[in-house]
Amino acid sequence: SDADMEKAMAADAVLFGAVGGPKWDKVPYEVRPEAGLLRLRKDMELFANLRPAICYPALAASSSLKQEVVEGLDILIVRELTGGVYFGEPKQIIDLGNGQKRGIDTQVYDTFEIERISGVAFELARTRRNQVTSMEKRNVMKSGVLWNEVVSQTHAASYSDVKLDHMLADAGGMQLVRWPKQFDVIVTDNLFG
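Take a look at the structure:
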């Protein structure tokens with residue numbers, strides 16, 4: 030509610046646990062806990078989700094991946110949280126008749142959203158191994174074409190000292206399993222992150 034958002038905005042910190050699950054499946058979308066989480070992210074401009082993946086020596090032998098693949102792993106995924114398919118419109122299910130339906134979600138990104146998340150990734154890379162891999166689907170999605178273009182422009186304008194690679198998101202998923210240590214910082218959109 031608006032009153033709850035006012036309290037959150039006035040607070041020094043907001044702690045929010047995991048949300049969702051089967052008990053919410055039959056509840057209208059607008060009142061599900063996920064809707065509250067998305068509103069908190071958007072209204073508080075919490076656009077950057079940082080997901081570190083570190084393999085500590087004591088745990089390397091316990092991984093489902095080969096020990097030599099994960100030993101020494103230290104990567105950081107920077108996921109954009111307030112744009113993309115979770116917030117794009119239209120978002121609906123259409124009855125097509127004859128028992129058929131169509132689900133529609135819309136992936137939308139504006140330049141400023143890509144600039145600010147890629148800036149976070151580049152700044153973090155400067156404190157690490159100085160490498161960013163941007164992942165998107167420019168081969169089939171216009172939002173991916175824009176993502177690639179804006180990340181490249183942001184890099185050229187302010188972060189040319191950081192190594193930048195681009196990778197299609199599905200290939201990136203495969204590479205994360207095959208050879209994750211090739212990555213330092215990965216920046217990607219809400220859906221792929």
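The opening position of the sequence shown corresponds to residue 30 in our numbering, with each subsequent residue numbered one higher. Each residue gets a CB set at the ideal place from its N, CA and C atoms; glycine is no exception.
Item, Value
"DSSP three-state assignment for residue 40, whether helix, strand or coil", "coil"
"Other residues of its chain near residue 53: CB distance less than 6 Å, five sequence neighbours each side excluded", "61"
"Nearest-angstrom Cβ-Cβ length linking residue 69 and residue 75, presumed shorter than 8 Å", "7 Å"
"Contacts around residue 112, its chain only, beta-carbon distance under 6 Å, and the 5 residues preceding and following it disregarded", "138, 142"
"Beta-carbon spacing of residue 210, residue 102 below 7 Å", "yes"
"Three-state secondary structure assigned by DSSP to residue 152", "helix"
"Burial state of residue 190, where buried means 16 or more other Cβ atoms lie within 10 Å", "exposed"
"Chain-order list of residues whose beta-carbon lies under 6 Å from that of residue 218 (same chain, five-residue window excluded)", "109, 113"
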